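The block underneath contains the structure these notes are about, expressed in structure tokens.
Numbering (my numbering), first residue to last: 8 to 218.
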């Protein structure tokens with residue numbers, strides 16, 4: 008039965024069925040399945056989703072729905088994660104830079120990182136550089152992710168790297184950047200630790216930064 012429910016959870020994630028994903032997660036917990044095992048199913052399935060997106064079998068709508076389904080499953084697990092200790096790969100602070108109010112891409116990254124096993128804090132949009140620093144200190148994050156969609160706001164990413172330098176935290180924090188206005192060359196120029204062109208790449212990058 009547990010194998011069937013695990014398969015049901017995987018299918019729900021692929022199909023983007025949030026309610027079914029939550030119900031399957033709840034059923035696994037009630038059957039005595041370990042949190043680690045359920046997380047492994049989540050991570051494996053979302054890796055599959057990311058790969059299908061990479062090779063062009065899935066597109067942005069599928070990625071969004073799968074992310075929402077994963078978020079629903081994680082919400083069921085969260086109380087158990089807290090009580091069972093730290094099972095996260097790392098802690099990430101995300102936000103869209105000051106002056107930019109675009110949210111969709113960052114939200115997809117949030118759900119994909121969460122499903123991959125990271126504890127993620129979303130600061131929202133129009134976030135000043137100092138807020139990234141403050142939140143990173145507060146939650147002891149090791150990774151900061153900044154997004155910018157507009158060419159008029161992309162240079163605010165420089166403010167973020169500078170703010171961490173000024174706070175004396177730059178060596179302890181990895182900064183990854185992305186968004187339509189960002190390029191790998193720009194990321195290198197401002198001293199970021201990595202660039203992800205989409206949510207799948209952001210997850211791969213984040214995993215590499217915590218190794």
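We put the CB at the ideal spot given by N, CA and C, even for glycine.
Keep in mind the model is a prediction, meaning the values are calculated, not measured.
Between residue 118 and residue 78, the C-beta gap is smaller than 8 Å, which places the two residues in contact. By a beta-carbon distance limit of 8 Å, residue 132 does not contact residue 166. Their separation comes to about 15 Å. Using a Cβ distance threshold of 8 Å, residue 73 and residue 56 count as a contacting pair. Contact between residue 205 and residue 157 does not hold, since the beta-carbon distance rounds to 17 Å and is not under 8 Å.
Taken through DSSP and simplified to helix, strand or coil, residue 170 comes out as helix. Here the C-alpha atom of residue 61 lies approximately 7 Å from the C-alpha atom of residue 207. CA-to-CA, the gap between residue 209 and residue 39 works out to about 33 Å. Residue 113 and residue 120 have their C-alpha atoms roughly 10 Å apart. CA-CA distance, residue 43 to residue 159, rounds to 43 Å. Beta-bridge pairing by DSSP links residue 150 to 99, 181. Going by DSSP, residue 210 is part of the alpha helix (DSSP H) stretching over 206-216.
If you check the CB distance, residue 134 and residue 103 come in under 8 Å. For residue 195, the three-state secondary structure derived from DSSP is helix. Contact annotation, residue 35 with residue 16: C-beta distance approximately 7 Å; criterion of less than 8 Å satisfied. A distance below 8 Å between beta-carbons, with the five flanking residues on each side excluded, links residue 28 to the following residues of its chain, in chain order: 16, 19, 20, 76, 77, 79, 80. The DSSP assignment places no complete beta strand (DSSP E) segment of no fewer than 3 residues inside the region 28-91.
Boundaries for residue 116: no beta strand (DSSP E) harbours it, while the alpha helix (DSSP H) harbouring it runs 111-123, taken from the DSSP string. Per the coordinates, the alpha-carbon of residue 69 lies some 32 Å from the alpha-carbon of residue 136. In this structure, residue 126 and residue 95 form a Cβ contact; the two beta carbons are roughly 4 Å apart against a cut-off of 8 Å.
Contact between residue 100 and residue 151 holds: CB atoms are separated by about 5 Å, below the 8 Å threshold.
With 16 or more other CB atoms across the displayed protein chains lying within 10 angstroms of its CB, residue 163 is buried.
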